[in-house]
Amino acid sequence: MDYVQQMRSMIGHRLLLLAGSNVVLTDQNQRILLQHRRDGTWGLPGGLLEPGESLEETAIREVKEETNLDVHNLTLLGVFSGPEYTFTLHNQDKINVVTSLFWSGDWSGEIVNDPEEGLELAFFSPNDLPNNMDKEYQVYISHYLAWLK
28 MDYVQQMRSM IGHRLLLLAG SNVVLTDQNQ RILLQHRRDG TWGLPGGLLE PGESLEETAI
88 REVKEETNLD VHNLTLLGVF SGPEYTFTLH NQDKINVVTS LFWSGDWSGE IVNDPEEGLE
148 LAFFSPNDLP NNMDKEYQVY ISHYLAWLK
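Its first residue numbered 28, the sequence shown is counted upward by one per residue in our numbering.
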C-alpha cells in the first residue's frame, strides 16, 4: 500500500494535501512529449511525491515509470499552488496539490508507453497541441512557453 492509499484508509475522501512534479520534455525539434491519459485527456508526464523523495527525484521517477526515459539536467520552471489546484477525483477523493514544473531537453532511452499509466505517448509542436488537455496542463505549458521567450 503506497502513501496516498495509507492516508485514504485513515481519512476517507476528505481533503488531502499532496506534492508532485510534472515535466516538460522536449525533443530536438522543440516538440513537447505528452501522455494520452486513460481518461481520454492529454497531459505531461508526472506524479506525486513519495515519502523521503525530493521533487527532482519524483520528476525523474515518474518520467521513467510513464515513458521509460531517463531524464538528465532538470530545470525548475515554477511551483504551482492555490485553490485552483484543488480537485475532486472521479472516486470523490479531494486533493490539493502543490506541483513543481520542470523542463528537460536532455533525456535518453527509448520511449515506451506503460499501458497502466496511459494510452499512448506523442510529441506535439507547441502550435499544434491537442484540444482535450486539462486546464492545469495548459497552464504549465503556457508557463513553459513564456519561459522560452
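Every residue, glycine too, gets a C-beta built ideally from N, C-alpha and C. Note that this is a predicted model, so its numbers are computed, not measured.
In terms of residues, what are the limits of the beta strand (DSSP E) holding residue i?
| i | result |
| --- | --- |
| Glu147 | 145-151 |
| Arg64 | 59-64 |
| Val31 | Looking at the DSSP string, Val31 is not in any beta strand (DSSP E); the run it does join, the alpha helix (DSSP H), is 30-38. |
| Val51 | 43-52 |
Thinking residue i and residue j are a contact (beta carbons under 8 angstroms), I'd like their distance in whole angstroms, please.
| i | j | result |
| --- | --- | --- |
| Pro153 | Ile59 | 6 angstroms |
| Ser127 | Leu75 | Ser127 to Leu75, Cβ: 11 angstroms. No contact. |
| Arg35 | Asp120 | 7 angstroms |
| Pro92 | Asp141 | Per the sequence shown, the amino acid found at residue 92 is Glu instead of Pro. Contact flag correct, Cβ pair sits at about 6 angstroms. |
| Leu52 | Val106 | With a Cβ gap of about 19 angstroms, Leu52 and Val106 do not count as contacting. |
| Gly47 | Gly73 | 6 angstroms |
| Asp54 | Phe150 | 6 angstroms |
| Trp174 | Leu104 | 5 angstroms |
What residues in its chain sit with their C-beta under 7 angstroms from that of residue i, if we drop five residues either side in the sequence?
| i | result |
| --- | --- |
| Met160 | Thr68, Trp69, Gly70 |
| Gly179 | In the structure as shown, the chain starts at 28 and stops at 176, and residue 179 therefore has no counterpart that could be examined. |
| Thr115 | Lys121 |
| Asp133 | His99, Asn100 |
Might you give, ordered along the chain, the residues of its own chain that have their beta carbon closer than 8 angstroms to the beta carbon of residue i, omitting 5 neighbours on each side?
| i | result |
| --- | --- |
| Leu101 | Val50, Glu83, Ala86, Ile87, Phe129, Trp130, Ser131 |
| Asp29 | Glu77 |
| Leu172 | Pro153 |
| Glu80 | Arg88 |
Where do the N-terminal and C-terminal ends of the alpha helix (DSSP H) with residue i fall, by residue?
| i | result |
| --- | --- |
| Lys176 | From DSSP, Lys176 is part of no alpha helix (DSSP H); its letter is neither H nor E. |
Under 6 angstroms Cβ to Cβ from residue i, same chain only, skipping five residues before and after it: list those, please.
| i | result |
| --- | --- |
| Val124 | Leu45, Gly47, Tyr112 |
| Glu147 | His63, Asn140 |
| Glu163 | none |
**Asked** Is it true that the segment 85-104 meets the segment 32-42, where meeting means three or more beta-carbon pairs spaced less than 8 angstroms apart?
**Response** The answer is no - the segment 32-42 does not touch the segment 85-104, with fewer than three Cβ pairs under 8 angstroms.
**Prompt:** Which runs of the alpha helix (DSSP H) spanning at least 4 residues fall entirely within the segment 74-103, listed in chain order?
**Reply:** As far as the segment 74-103 is concerned, its whole alpha helix (DSSP H) runs of at least 4 residues are 82-94.
**Request:** Ignoring anything shorter than 3 residues or poking outside the segment 101-145, list the beta strand (DSSP E) runs there in chain order.
**Result:** For the segment 101-145, whole beta strand (DSSP E) runs of length 3 or above, ordered along the chain, are 102-107, 113-115, 121-131, 133-135.
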